[in-house]
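**Q** If you scroll down you'll find the structure; I have some questions about it.
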Amino acid sequence: MTRSWPYVLALWLLLGAPARAATPLDYTRAILEQVHAVVAGNQTQDEKLTALAALLGKFLDTDAMGREALGQHWSSFTPPQQKEFLALFRKLFQQTYVQTLLLFQNPDFVFAGEQLNGSGATVDTKIVTPRDQFDVSYRMIPAGDKWVATAITVENVNLTTNLSNQFNRLLDRMSVDDLLALMRRKYGNPSGAA
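Residues in the sequence shown are numbered from 22 upward in steps of one, following our numbering.
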């Protein structure tokens with residue numbers, strides 16, 4: 022056993038240590054630096070919207086956000102309704118968040134820190150503009166070799182909770198099919214949905 026130890030060590034050194042995923046803060050910083058480059062760039066508004074939607078599509082776990090936003094109502098949706106809702110919610114959330122980012126004039130992102138908690142983390146940032154600054158926190162979970170945001174809190178307001186309150190009010194007075202029809206009218210028919 023002791024004779025094989027040097028060979029195991031040599032093999033480990035040759036192959037290298039396993040690759041480590043970036044920390045939640047590093048991953049968030051990399052994404053938001055790309056967001057800053059797009060927002061500050063010379064593209065048209067439509068080109069910026071498209072670029073930001075693609076970039077944030079990799080960063081935001083809108084399926085987790087959508088399930089959380091529906092809360093207790095999730096189980097009253099059939100599997101096809103759940104699938105369509107998540108596709109529409111993805112469009113709603115990305116469109117809302119992307120358009121909000123484009124409202125800022127030349128924003129800077131300041132990274133205040135991260136807190137690891139269990140298998141996830143919270144990354145605290147600030148969006149700083151020439152006129153104001155806004156505290157923004159991202160609740161992150163690992164997803165393979167990257168991290169994804171499952172919740173965003175802006176100035177102590179959780180965006181998913183805010184949407185959940187709106188969905189609760191809507192579902193108190195309309196059916197699931199009516200809600201989906203309303204979302205379809207506003208955000209289009211998601212590909213693959215009925």
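Note that CB positions come from ideal geometry on N, CA and C, so glycine has one too. Nothing here was measured: the structure is a model prediction, and the numbers come from that model.
Roughly how many angstroms lie between the CA atoms of leucine 180 and aspartate 153, to the nearest whole one?
**A** What you label residue 180 is simply residue 159 of the sequence shown in a count that begins at 1. What you label residue 153 is simply residue 132 of the sequence shown in a count that begins at 1. CA-to-CA, the gap between leucine 180 and aspartate 153 works out to about 20 Å.
**Q** Just to confirm the assignment: which complete alpha helix (DSSP H) runs, minimum length 4, are found wholly within the region 67–120?
**A** 83–91
**Q** Going by the beta-carbon positions, is the gap between glutamine 102 and valine 197 smaller than 8 Å?
**A** For the purposes of this step, residue 102 is identified with residue 81 of the sequence shown, where counting begins at 1. For the purposes of this step, residue 197 is identified with residue 176 of the sequence shown, where counting begins at 1. Yes, the pair counts as a contact, with Cβ atoms nearer than the cut-off.
**Q** Considering just the uninterrupted stretch of the alpha helix (DSSP H) at proline 163, what are its terminal residues?
**A** To locate residue 163, count along the sequence shown from 1; it is residue 142. Looking at the DSSP string, proline 163 is not in any alpha helix (DSSP H); the run it does join, the beta strand (DSSP E), is 154–164.
**Q** Between alanine 58 and alanine 51, which are expected to be in contact by the criterion C-beta below 8 Å, what is the C-beta distance as a whole number of angstroms?
**A** Stepping through the sequence shown from its first residue, residue 58 is reached at position 37. Stepping through the sequence shown from its first residue, residue 51 is reached at position 30. No, alanine 58 and alanine 51 are not in contact; Cβ-Cβ is about 11 Å, not under 8 Å.
**Q** Compute the Euclidean distance between the alpha carbons of alanine 72 and aspartate 129, then round it to the nearest angstrom.
**A** As a working mapping, residue 72 is identified with position 51 in the sequence shown. As a working mapping, residue 129 is identified with position 108 in the sequence shown. Alanine 72 and aspartate 129: Cα-Cα distance of roughly 18 Å.
**Q** I'd like the list of long-range same chain contacts for lysine 167, defined as Cβ closer than 8 Å, with 5 residues on each side in sequence excluded.
**A** Within the sequence shown, numbered from 1, the residue matching residue 167 stands at position 146. Cβ neighbours of lysine 167 within its own chain (closer than 8 Å, five residues either side excluded): Ala42, Ala43, Tyr48 and Lys79.
**Q** Residues in the same chain with beta-carbon distance under 6 Å from lysine 112, minus the five sequence neighbours each way, listed in chain order, please.
**A** Here residue 112 corresponds to residue number 91 of the sequence shown, with the count starting at 1. Same-chain partners within the cutoff: Tyr208.
**Q** From the DSSP output, read off the bridge partner residues of asparagine 138.
**A** Locating residue 138 in the sequence shown gives position 117, where the first residue counts as 1. DSSP, once it has assigned bridges, lists Gly141 as partnering asparagine 138.
**Q** Give me the Cβ distance between leucine 192 and valine 119, rounded to the nearest whole Å; I'm assuming they're in contact under 8 Å.
**A** For the purposes of this step, residue 192 is taken as residue 171 along the sequence shown, with counting starting at 1. For the purposes of this step, residue 119 is taken as residue 98 along the sequence shown, with counting starting at 1. Contact between leucine 192 and valine 119 fails: their C-beta atoms lie close to 26 Å from each other, not under 8 Å.
**Q** Could you check where the alpha helix (DSSP H) with threonine 65 kicks off and where it finishes?
**A** Taking the first residue of the sequence shown as position 1, residue 65 is located at position 44. Looking at the DSSP string, threonine 65 is not in any alpha helix (DSSP H), and its letter there is neither H nor E.
**Q** Taking the CB atoms as reference points, tell me whether alanine 108 and phenylalanine 188 lie closer together than 8 Å.
**A** Position 87 of the sequence shown, counted from the first residue, corresponds to residue 108. Position 167 of the sequence shown, counted from the first residue, corresponds to residue 188. In this structure, phenylalanine 188 does not lie closer than 8 Å to alanine 108 by Cβ.
**Q** Looking only at its own chain, which residues have a Cβ that is under 6 Å from the Cβ of threonine 143, when we skip the five neighbours before and after it?
**A** Within the sequence shown, residue 143 is the residue found at index 122, counting from 1. Within the same chain, threonine 143 has close Cβ partners Gln136, Ser158 and Arg160.
**Q** Can you tell me where the alpha helix (DSSP H) with threonine 181 in it begins and where it stops?
**A** Taking the first residue of the sequence shown as 1, we reach residue 181 at position 160. Start and end: 180–194.
**Q** Can you tell me the Cβ-Cβ gap for aspartate 82 and threonine 174, rounded? I've got them flagged as a contact below 8 Å.
**A** For the purposes of this step, residue 82 is identified with residue 61 of the sequence shown, where counting begins at 1. For the purposes of this step, residue 174 is identified with residue 153 of the sequence shown, where counting begins at 1. About 15 Å separates the beta carbon of aspartate 82 from that of threonine 174, a gap too long to meet the 8 Å contact definition.
**Q** To which residues of the same chain is glycine 141 closer than 7 Å at the C-beta, ignoring the five residues directly before and after it?
**A** Within the sequence shown, residue 141 is the residue found at index 120, counting from 1. Only Arg160, Met161 and Ile162 meet the Cβ criterion.
**Q** Distance check for aspartate 199 and arginine 205, CA to CA, integer angstroms please.
**A** For the purposes of this step, residue 205 is taken as the residue at position 184 of the sequence shown. For the purposes of this step, residue 199 is taken as the residue at position 178 of the sequence shown. Distance between the alpha carbons of arginine 205 and aspartate 199: 10 Å.
**Q** Cβ of lysine 147 within 7 Å of any heavy atom in the ligand GDP?
**A** The ligand GDP is absent from the structure shown, which contains no ligands of any kind.
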